[in-house]
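Novice:
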Amino acid sequence: MSQVTLPLPNRSLAIAKRPFSMPAAFLFTVVMLTALAVGLVWWQGPGLWRDWQINQAPRTVEDWDLRDGDCSSRRGLTDCEADITYRVDGQSYEKHISLAFLDFSSGDYMVDVVISRDDPELATLSLGLDMLWNRLAVFGVFMLLFGGGAIATIITALKAAGANRAAATPGRLTVVPVDVVEVKNGVVSYVDHLKGRSKRTTRTHFAKGQEPLIGLDETGKPVGVAVKLEHVAIPVLLDRNLERVELTDIEREQALAAFEAEQEQRGARLAANPAPKAKRGPNIVRGLLAGSAVLVLAVVAFFGFWLYYVMVAPDAFDAVGIEINNIMPEPLNTWGCEQLYARFGDGNAPYGCTADDYVSWKVAKTASKVK
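Given below as C-alpha cells:
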C-alpha cells in the first residue's frame, strides 16, 4: 500500500495505554457459548454414547411398550422424546429416550426398541440407530459452533491482552497505512495488509473526544495512519492528536505539522485532478457469478452423490446416501428406492425406502430385483 508521511523520533517509543480491544461483549459471549455447549453435551451426549455402544451389538426386543412418544421439527431439526418399557429375560426396564437429528421429511416414524446384547440396561429406539451418523454430525456441527466459538473468542482476547502488554514496551516504530472499516461508539475496526493478501481485522477503543488519524495516501485514497512496533505483529491505529505515542509536546507538534503539510499538498492535487469514480458494476457481477458457481457446484455434488448412491454404491445403508435420498421429493425418492430395491431387494430396506412395517421395501410391488 502507498505510504503517508509522519516523521517520528529515531528512537525507541512506547504506546500509551491499551490500544487493542477485547472482542465485543467478551464475557457474555464466552459464558453464553460455553453454556450452550455444556447444555448440548448434557442433553445429547449420554444418548449418543449409549446408542454408539448399542450399535456395536444391537438386539431387537419383542416385548416392549412406548408412552408419550412425540417428535417436533423446526426448520429440519427434529427432536424426538419417548418413554419406553421393555422386558428382557423376565426383567422389566424403563427408559427415557431423547433424539435430535436433521430430517426434512414429514410423516410418522415406525420404530422398534433395540438393546445391547452385552448390556440389556442400554436401550434405544431403532430410529436412533438409523439416524446415528446424522445425530453425530448434528452434534459435531453445533459443538463446533458453540465450543469453537467460545474457544476462538478466548484466543482472540488472549492475543489482544498479549499485544497490549507488548505494546507497552518501547521499540522502533514504522508508519503503515490501514483501512478503517467501522467507527461505532468510540470503537474503531481497521484492516491491515501486513500479512500479504490476507486481511486481519483489529478493534481498538478511543477515549471520549479522540478520533482516528486519517490521511490521504499517494493515490488520494483515505487511509488510517497506524504504527507498527518492531516486536508487535499488529499495527496500532493512531489518534488525531498522537496521544497514543509517548512523545514530548515538541515532537508531537513537529510530527503533526509535517503530516498536515503533506496532506494539504495531496488534497490540492486531488482537487485539481479528481480521480475517476470506480465502476462497481463488474465487481458485483463477478461476485454474483462466483456465488452462482459455488451454488451450482454444491447442487451438482449433491445430486451426483445421490445418483451414485442409488445406482452403483455397494451399500444400501450408506449414512450420507440414506439422508440425501430421504429428503428428496417423493417422485425422486421413489425412483431412488426402486434403483436400490433392484440391487438390494433381498435385504431390509434403508430408512426412507421402508413400508409401514419399517423393514420391508415400500416399492416392492412396483419394482423388480436384479438377479
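Quick note: the sequence shown uses my numbering, first residue 53, plus one each step. Backbone N, C-alpha and C define an ideal beta-carbon position, used for all residues, glycine too.
1) Let's test the definition: count the other Cβ atoms within 10 Å of the Cβ of Pro-98 and tell me whether it reaches 16, buried, or not, exposed.
2) Just to confirm the assignment: which complete beta strand (DSSP E) runs, minimum length 3, are found wholly within the stretch 190-263?
3) Determine the direct distance from the alpha carbon of Lys-211 to that of Val-279, and round the result to whole angstroms.
4) Based on DSSP bridge pairs, tell me the residues matched to Pro-274.
5) How long is the line joining the alpha carbons of Gly-333 and Gly-319, rounded to whole angstroms?
6) Measure the Cβ-Cβ separation of Pro-222 and Ala-68 and say whether it is below 8 Å.
7) In the DSSP assignment, what are the bridge partners of Pro-110?
8) Taking Cys-389 as part of the alpha helix (DSSP H), name the residues at either end of that continuous run.
9) Just verifying my parser: in three-state terms, what is the DSSP assignment at Ala-407?
10) Ends of the alpha helix (DSSP H) at Val-415?
11) Going by C-alpha distance, which of Ala-342, Leu-340, Gln-391 is nearest Tyr-361?
12) Hey, Tyr-410 and Met-183 are a contact pair by Cβ (cut 8 Å); roughly how many whole angstroms apart?
13) Within 10 angstroms of its Cβ, does Leu-179 collect 16 or more other Cβ (buried), or is it exposed?
14) Would Val-422 be called buried (16 or more neighbouring beta carbons within 10 Å of its own) or exposed?
15) Pull up the distance between the alpha-carbon of Cys-405 and that of Ser-73, whole angstroms please.
16) Sorted by chain position, which residues of the same chain lie with C-beta nearer than 6 Å to Pro-61's C-beta, five sequence neighbours on each side aside?
17) Assuming Ile-286 contacts Leu-181 under a Cβ cut-off of 8 Å, what Cβ separation, rounded to an integer in Å, is found between them?
18) Can you check the stretch 101-165 for any alpha helix (DSSP H) of at least 4 residues that lies completely inside it and give the ranges in chain order?
19) According to the neighbour-count rule (16 or more other Cβ atoms, all chains shown, within 10 Å of its Cβ), is Ala-365 buried or exposed?
20) Find the nearest neighbour of Arg-127 within the set Arg-217, Asp-370, Ser-157, judged by alpha-carbon distance.
21) Would Arg-187 pass as a contact of Ala-152 if the rule is Cβ separation under 8 Å?
22) Let me check understanding here. Comparing Cα to Cα, which of Gly-142, Gln-96, Asp-122, Asn-377 lies closest to Glu-114?
23) I'd like to know if the stretch 84-93 and the stretch 199-211 are in contact, where contact means that at least 3 CB-CB pairs between them fall below 8 Å.
24) According to DSSP, which residues form a beta bridge with Thr-86?
Specialist: Reading it off the structure:
1) Along the sequence shown, one-based indexing puts residue 98 at 46. Exposed is the call here.
2) 225-236, 239-244, 252-257
3) One-based indexing of the sequence shown puts residue 279 at position 227. One-based indexing of the sequence shown puts residue 211 at position 159. Computed Cα separation, rounded: 18 Å.
4) Working through the sequence shown from its first residue, we reach residue 274 at position 222. Pro-274 pairs with Leu-268.
5) One-based indexing of the sequence shown puts residue 333 at position 281. One-based indexing of the sequence shown puts residue 319 at position 267. Residue placement at Gly-333 cannot be trusted, given a pLDDT of 47 that sits under 50; what the coordinates show is reported in the next sentence. Near 28 Å, if we compare the C-alpha coordinates of Gly-319 and Gly-333.
6) Indexing the sequence shown from 1 puts residue 222 at position 170. Indexing the sequence shown from 1 puts residue 68 at position 16. Against a cut-off of 8 Å, the Cβ pair of Ala-68 and Pro-222 comes out as no contact.
7) Here residue 110 refers to the residue found at position 58 when the sequence shown is read from its first residue. Answer is Ser-168.
8) Here residue 389 corresponds to residue number 337 of the sequence shown, with the count starting at 1. Start and end: 382-396.
9) Taking the first residue of the sequence shown as position 1, residue 407 is located at position 355. Ala-407: coil per DSSP, three-state reduction.
10) Locating residue 415 in the sequence shown gives position 363, where the first residue counts as 1. Neither: Val-415 is in no alpha helix (DSSP H) and is coded neither H nor E.
11) Counted from its first residue, the sequence shown places residue 361 at position 309. Considering only alpha carbons, the answer is Gln-391.
12) If you number the sequence shown from 1, residue 410 lands on position 358. If you number the sequence shown from 1, residue 183 lands on position 131. With a Cβ gap of about 13 Å, Tyr-410 and Met-183 do not count as contacting.
13) As a working mapping, residue 179 is identified with position 127 in the sequence shown. Per the 10 Å Cβ criterion, buried.
14) If you number the sequence shown from 1, residue 422 lands on position 370. Residue placement at Val-422 cannot be trusted, given a pLDDT of 48 that sits under 50; the coordinates are not used to answer.
15) What you label residue 405 is simply residue 353 of the sequence shown in a count that begins at 1. What you label residue 73 is simply residue 21 of the sequence shown in a count that begins at 1. Spanning the two alpha carbons is a distance of roughly 55 Å.
16) The sequence position of residue 61 within the sequence shown is 9, counting from 1. Once the five neighbours on either side are set aside, the close Cβ partners of Pro-61 are Glu-303.
17) Numbered from its first residue, the sequence shown carries residue 286 at position 234. Numbered from its first residue, the sequence shown carries residue 181 at position 129. About 50 Å; that fails the 8 Å criterion.
18) none
19) Taking the first residue of the sequence shown as position 1, residue 365 is located at position 313. So Ala-365 ends up on the buried side.
20) Locating residue 127 in the sequence shown gives position 75, counting from the first residue. Cα-wise, what sits closest to Arg-127 is Ser-157.
21) Numbered from 1 along the sequence shown, position 135 holds the residue referred to as residue 187. Numbered from 1 along the sequence shown, position 100 holds the residue referred to as residue 152. Going by C-beta atoms, Arg-187 is nearer than 8 Å to Ala-152.
22) Within the sequence shown, numbered from 1, the residue matching residue 114 stands at position 62. Looking at the Cα atoms, Gly-142 is the closest of the given residues.
23) yes
24) Residue numbering aside, residue 86 sits at position 34 when the sequence shown is read from its first letter. Paired residue(s): none; Thr-86 is not in a bridge.
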